[in-house]
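Working notes for the structure below.
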Amino acid sequence: MSHTRDTLIGKSVPRPDAVAKVTGAAQYTDDISLPNMLHGALLRSPHAHAFIRKIDTSRARALAGVKCVITGQDVPAVKYGNWRLVPALQDETALATDRVRFIGDEIAAVAAIDRETAERAVELIEVEYEELPGVFTVEEALAEGAPAVHEEHQDNISLTRDIDYGNVERALSEADLVLEDTFSTHPVSHVYMEPCSVVARTDTDGRLTVWTSTQTPYYIQCLLARTLGVRENDVRVIKPHVGGGFGGKMELRPWEFAAAWMARQTGRPVKITIDRQQELAAGRRRHPVVITSKIGFKKDGTITGKEVTARLDGGAYNGMGPTATFLIGNFSAMLYKVPAYRYRGIYVYTNNPPAGAMRGFGAPQALFAGEMQMNRAAEALGIDPIELRLRNAMETGDEIPGVARISSCGLRTCLEEVRTLSNWNERRAASAPGEGLGIACYSFISGGVFNWFNTKYPFSSAEVKVFDDGTAQLTTLAADIGQGSDLILPQILAEELGLRVEDIRLVTGDTAACPQSDLGTWGSRVTLMAGNAVRDAAKKIKDELFKVVSLKLGLNVIHEIECGHGTIYAKSKPGKGIPFAEVVQMAQLANRGEPIRATGYYTPRDVGLVSPAFSFGAQVADVRVDLDTGVVEVAGMYTVHDCGTELNPMAVEGQLEGSIQMSLGYALSEELVMHRGRTLNTTLLDYKIPVALDMPPSVSKTVETFEPGGPFGAKEAGEGLACPTAPAIAHAVHEATGYFCRNLPIRPERILEHLDRRAR
Amino acid sequence: MKTRIVTLVVNGDEHSLAVKPNRTLAEVLRDDLRLTGTKVGCETGDCGACTVLLNGRPVNSCLTLAIEADAQEVRTIEGIAPSGTELHRVQRAFVEHGAIQCGFCTPGMVMSSVHLLERAPDATEEDIRHELGGNLCRCTGYTKIVGAVSSCTSRCRP
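Residue numbers (the working numbering), protein chains in the order written: chain P, 1 to 760; chain F, 1001 to 1158.
Here is the structure:
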C-alpha cells in the first residue's frame, strides 16, 4: 500500500531571503564598503566608430586623490567572450586599444579616493580620435562597400547559423497558401533595478576576491582570470544579492576587469558602480532583428513547411549573439509541427551598442514574427486562430529532426483552456469597433545543452551535508538573481530528505566555497539542472542513511525506505520511523565519525542540441484602442501555461506577473531610441517601463504536465512567458483596428495612419 | 566645496555630520551612516528605490540634498520595524504575499506603502496603484505588491 506523506512540492513556501530584503539587511554589491577602498569610474567613447590616435592621462593622474589610471595601452589586450568553444568569436577587450566601435565603448578607468574625484579625473583624460564612418542598421552594414566594424569581417557578418530538414521547396510548392512576411523588432533594455556594480580586493595571499552583480559567477571567474593572466583558482568571485539580471548580467564586463586590475595595481580595494544613464546608453540590450518568414499551409490549416531568415543587429561585439542567432532558428519552429524547415540566421556587426541575452533570448523576436504570421494565415484560411494552432500544435513525443525531442507538452490543453478562460468565441463574435482579442503562444527551453562556454566541469553541482542535529546544508553556485533559486533548491532538498525548508542552510554565490561548477542563471536552466544536481546529491546521502535504517529496523530487503516528517521509515510502516538526526548520528558512528556529505551533478546528455525540456503556453490579450488617438489600452490578459510540475505556485505566479510587465513594455512603451549609434533616451523618465497603474488585470491558469527530465517533473517557468504578450497585443490591435503591426513597438501614430488610410 | 555640519534625526537617532553641500541624502545615508537598505536605482528620481520618509513624507533621497534634511526627521527601511525581531505589518505582508523577488525595489516600495497606510488606512487598490506609481519594479508585475499592501488596509482587516 502506498502511503501519501505530506509533500513540499506544490507548496507556496515564502522565500528564505525575504525578511533580509524587506528590512534592508540584504547586501547588494554597491552596499559593500571595505576599509581603505577606492572608487572607480570609466571613460567611454563619445564616437560610434573612430581610431584612437593618442590618449593623454597626465592631467587626470595629477589630480589630487587619483590613485590609478589605466587605458588599453597599460593592460594586456586579451580578447574575451562567453563563446570559449570558438575563440574566433571572442572579439572584445576590456579597454579599447586602438579603436572604438560604439558610443560608450570603454577606453580608460580611474580609481580615486571617492567617486566624485574619479569622475572628475575621467573628464581630464584627453583622447585624440580619428572618426570613421559607421554602420547603424543591418541594411547599412550589409551594403556593398560598407565600412567594416571589425577588420576580420569585411562584410560585417560575424557568423551565420543554419538549420535544415525536410524538403522545403516541395513543401511550399504543395501548399494551398503561402505567406511571406518581414517583421522587425526594436532594442529594449533589461532595466534590472540594480545597476551593475563591482568591488575587487587583493587578499593577503595574493588571491583576488571580486564581489559583483552577476548572474554567472563562474564565467566571471574564468574570463577574469584569463584577461588578468592568472589561474582560475587565483580569482574568487562572490555574488552578493543581485537586483535582477534578465540576461543582462551574464558576461564579463569591462568594469569587473578594471576594478580587479586597479585593485592589484594599488593594493587597495576598488569599487565601480555603473549609473543608470550608462546602463541605458551603453548597456547590453535585446537584439533588434529583421525576420523574413515564408510559410505554407494546406487548405485545412496544416503547415507544410517554413523558411525563415533572421538578421540580427548585434552591435559592435558578439557577446551572446552567436547563441541568439541559433536559438531564433529553433524558436521559429518549436511550437508547431513543421515537416520541412530551413533557417538561416545572420549575425551582423554594427556600430550600435552591443546587444546581449535578454529574457526569452531570441524567442520574443522569433515568436513575434511567427505568431503574427500564424494570425495572418488564420485570417487568409478563414480558420479561427486558436483552431489553426490546435491543428498544428506540438505534442508530447514529437521530434524536431536533429534538434530536439519534446518530452512533455501541454500546448493543446493550454489553447483549449485559454479559449474558455478568455471567453474567446463569444467575445470575438461580439466585439465593438476599437475592441479586439488577440492570441499568441510560446514554447521555451529549460536550459541549454550546447557547451559554448566549453566548461570542463558539470553544468550544475550541489553539495549536501547532513548534520547530527537533523539539519542539512546545501552548497551550490546556482545564482539567485531574484528569480528564487535560493528558495526552490532548498525546497527540493527538503522534500528529498523529509525535512522542512527552514532545516536547510544554504551556502551559495562563492566560487571558492561552492562545488565546481554551475553555469549560472540563463535560459531558464536553474530549476531543472541545479534541481537535478540537488536530487543527485540527496540520493547519495539517502543511500548512506538508508543502510543504517535498514539495519536498525531489521527490514526485509523488499522494503522501500522513505524520508518524511523529519524521520526515515519503511514505507509500509510510516509510524515506526527513526528521527533524521538519530539516523545521521548512527551513520556517522558507522563511519568512525566521518561527516555524511555528498556532491551531486547534472550535465544534459543525449537530449539533442537545444534543451532537455520544453515548456509551452498560450496567452490572450483583450485590447481597447482609442480610435481618435491610437492609444492602446490592454484591458486584460489571459494566460494558460505548461511548466511541468509547479514546484512553488507563488514563485511561478510571480514570474508570470513580472513577464507581463516586461512584455507589455516591449509591445507598447519601451524602446531605446537610436540615432546614428547614439541612444537618445537614457533616463527612466524617457525610457518608460510600465508602473503599477499601467498593469492590466490578469487571469492565469497552469496546465500541469510531468516532465520526465525535470526535478519532480518541473521545467521552465517565466521566461517563455516574456514572448507571447507582444504578438497577442499586436493581434488584438489588428482585430480592433485592422492595423497589422510588422515593426515593434506598436505605436499610436501608425495605428492612426492606418485608420486614416482606410477612411480615405 | 566647503563642508557643512548637518544634524539628521534618522530612525530616532541624532547624527551630526560634516557633509559637502552637493551630497544627496541617499549618499549620506548609505555611505556615511551605512544605512544601505535605501537603494539607488537611477539617481534621477525616476525609480523610487531610494524613497525615505522626510518628516513623514516620502521623498526621493537621491534628489534631496543632505543639507535640506538638516534638523529634520528621516525614516528609512531600517527604522520601520517595531523591533529587531519583529516586522512592520507591511513588511510581513510583503514576505507572506511573495511580493519580493530581487528585492531591490522593496525598501522603496515599503516606504511608500507605509506612508500611504498611515495617511489612508482604508486605501483602495486604485489608491495603492497611484501611490506606488513612482516606484518601479521589474520582477513582480506589481500584482503581489499591491496585494500585500491591500491586505494591510482597514478594508481587509476586521
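Don't be surprised by glycine CBs; every beta carbon is placed ideally from N, CA and C.
A quick note: this is a predicted structure, and the numbers were derived from the prediction, not measured.
Boundaries for ALA355 (chain P): no alpha helix (DSSP H) harbours it, and the DSSP string shows neither H nor E there. If the five residues before and after TYR28 (chain P) are omitted, its C-beta is found closer than 8 Å to the C-beta atoms of GLU194, SER197, SER213, PRO240, HIS241, VAL242, GLY243, all from its own chain and listed in chain order. Under the three-pair Cβ rule at 8 Å, the stretch 472-487 of chain P does not count as touching the stretch 612-632 of chain P. Counting the other Cβ atoms within 10 Å of the Cβ of GLU671 (chain P) gives 16 or more, which makes it buried.
DSSP, read as helix, strand or coil, puts HIS153 (chain P) in strand.
By a beta-carbon distance limit of 8 Å, SER408 (chain P) does not contact GLU180 (chain P). Their separation comes to about 33 Å.
Judged by pairs of C-beta atoms under 8 Å, the stretch 455-467 of chain P does not touch the stretch 423-442 of chain P, as fewer than three such pairs exist. Cβ contact annotation for ALA1026 (chain F) (same chain, cutoff 7 Å, sequence separation greater than five): THR1038, VAL1040, CYS1050, SER1061, CYS1062, in chain order.
Put simply, the CB of CYS1050 (chain F) is far from chain P, with every gap to its CB atoms at 8 Å or more. Looking at P:VAL149, P:GLY710, P:TYR602, P:TYR341, the one whose alpha-carbon comes closest to that of TYR165 (chain P) is P:TYR341.
For PHE183 (chain P), the enclosing beta strand (DSSP E) begins and ends at 177-184.
Looking at the backbone, the Cα of ASP205 (chain P) and that of ASP234 (chain P) are separated by about 10 Å.
Selection P:TRP83, P:PHE614, P:ARG170 evaluated against LYS306 (chain P) yields P:ARG170 as nearest (Cα-Cα). SER45 (chain P) is not a Cβ neighbour of ASP6 (chain P), given a cutoff of 8 Å. Two segments are said to touch when three or more pairs of C-beta atoms, one from each, lie closer than 8 Å; by this definition the stretch 601-611 of chain P touches the stretch 437-454 of chain P. Taking all protein chains in view, the Cβ of ALA77 (chain P) is surrounded by fewer than 16 other Cβ atoms within 10 Å, so the residue is classified as exposed. Non-local beta-carbon contacts of PRO458 (chain P) in its own chain, meaning distances under 6 Å to residues more than five positions away in sequence, involve TYR601, THR603 in chain order. Here the alpha carbons of MET320 (chain P) and PRO187 (chain P) stand approximately 15 Å from one another. With contacts defined by Cβ atoms closer than 8 Å, GLN1091 (chain F) and ALA1081 (chain F) form a contacting pair. Chain-ordered, the chain F residues with CB closer than 8 Å to the CB of SER12 (chain P) read GLY1098.
The C-beta separation of ILE238 (chain P) from TRP255 (chain P) comes to about 16 Å, leaving the pair out of contact by the 8 Å criterion. Residue-level contact by beta carbon fails for ALA1066 (chain F) and chain P, as no gap is shorter than 8 Å. Relative to the Cα of GLY665 (chain P), the nearest Cα in the group P:HIS675, P:THR682, P:MET695, P:GLY24 belongs to P:MET695.
The C-beta separation of LEU390 (chain P) from ARG376 (chain P) comes to about 17 Å, leaving the pair out of contact by the 8 Å criterion. Per the coordinates, the alpha-carbon of GLY1079 (chain F) lies some 17 Å from the alpha-carbon of ALA18 (chain P). HIS675 (chain P) counts as exposed, since fewer than 16 other C-beta atoms from the protein chains shown sit within 10 angstroms of its C-beta. DSSP places LYS701 (chain P) in the uninterrupted beta strand (DSSP E) bounded by 698-702. Per DSSP, the continuous alpha helix (DSSP H) segment holding GLU544 (chain P) begins and ends at 526-553.
Assignment of ASN330 (chain P) by DSSP, reduced to helix, strand and coil, places it in the helix class. Using beta-carbon distances, LYS21 (chain P) counts as an interface residue toward chain F, with a partner under 8 Å. Around the beta carbon of VAL110 (chain P), a 10 Å sphere encloses 16 or more other beta carbons of the protein chains shown; the residue is thus reported as buried. Among the residues facing chain F, THR527 (chain P) is not included, as its CB has no counterpart in that chain under 8 Å away. Not flagged as an interface residue toward chain P: CYS1156 (chain F), since no C-beta distance is shorter than 8 Å.
In summary, the residues of the stretch 470-485 of chain P whose CB is separated from some CB of chain F by less than 8 Å are ILE481, GLY482, GLN483, GLY484, in the order they occur in the chain.
For ALA200 (chain P), DSSP records a beta bridge to P:VAL210, P:VAL270.
Residues of the stretch 691-712 of chain P with a C-beta atom less than 8 Å from some C-beta of chain F are VAL691, ALA692, LEU693, MET695, SER698, listed in chain order.
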